[in-house]
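For the sequence shown, my numbering begins at 189 and goes up steadily by one.
Think of the CB as a built atom: it goes at the ideal place given N, C-alpha and C, for glycine as much as any other residue.
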Amino acid sequence: MRRLRPVFAAVSAVALLTAVLRLVLVRQAALARRRIGKPLGEVSLDADRLWRPGLDGAPLDLLLVGDSLAAGLGAQRPKQTLGGRLAKALARGLGRPVRLRTVARVGAESRDLATQLDALPPGYRPHVAVVVVGGNDVTHRLPVAESARHLDDAVRRLRDLGAGVVMGTCPNLGALRAVP
189 MRRLRPVFAA VSAVALLTAV LRLVLVRQAA LARRRIGKPL GEVSLDADRL WRPGLDGAPL
249 DLLLVGDSLA AGLGAQRPKQ TLGGRLAKAL ARGLGRPVRL RTVARVGAES RDLATQLDAL
309 PPGYRPHVAV VVVGGNDVTH RLPVAESARH LDDAVRRLRD LGAGVVMGTC PNLGALRAVP
């Protein structure tokens, strides 16, 4: 038993040191988050409007649902948002105007898709819906099965409205060396 006392003391010291270091790192991370903030902010540009109104034909209704990428966070001008870029390209390619509506929100996870769809006005029926979600699910460690269920529900609801659905989910972040 006497032989184990130094081992026990060493293990206890390492455990205590590890706990203290973890506490220090957690507090430093919280402080850094407060000081740095969110470099791109939390508010995205409003790009919702009729794009290329001078073109002939009835407008195509384009809906963007999902997270900050779909919302256009970081764009300097409405035409640089994902919605603006898609609306311009679609209008040019189809030769008809495109009416953009964005319900995507910065920080949204797949579980927020239902709330975004609930916010649509009664009777609204998009021709095409683009859903971009998944990055926040990964970084917030939502179970894949839960994310997939929310995504499936949203796609079914959009299809029930008669919309064609285009998905943009999160890539495999584990494939990047800097993201574990």
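So what does Thr-357 bridge to, in DSSP terms?
Val-321
Is Arg-284 closer than 9 angstroms to Leu-257 when the C-beta atoms are compared?
no
Let's see if you can read the secondary structure: which residues bound the beta strand (DSSP E) around Val-286?
286-290
Just the Cα atoms here: how many angstroms apart are Gln-268 and Leu-204?
51 angstroms
Own chain partners of Val-318 with C-beta closer than 6 angstroms, once the 5 adjacent residues on each side are dropped
Leu-252, Val-354
Can you look up Leu-233 in the DSSP assignment and give me helix, strand or coil?
coil
Residue span of the alpha helix (DSSP H) that contains Val-253, given as start and end
Val-253 -> not in any alpha helix (DSSP H); beta strand (DSSP E) instead, spanning 248-254.
Using only CA atoms, which one of Thr-327, Gly-322, Leu-288 lies nearest to Leu-308?
Leu-288
Compare the Cα-Cα distances from Thr-327 to each of Leu-339, Tyr-312, Cys-358 and report the closest residue.
Cys-358
For Asp-300, count the other beta carbons within 10 Å of its own beta carbon; 16 or more makes it buried, fewer makes it exposed. Which is it?
buried
Enclosing alpha helix (DSSP H) for Thr-269 [first to last residue]
Run containing Thr-269: none; DSSP gives neither H nor E here.
Buried or exposed: where does Gln-216 fall if 16 or more other Cβ atoms within 10 Å of its Cβ makes it buried?
exposed
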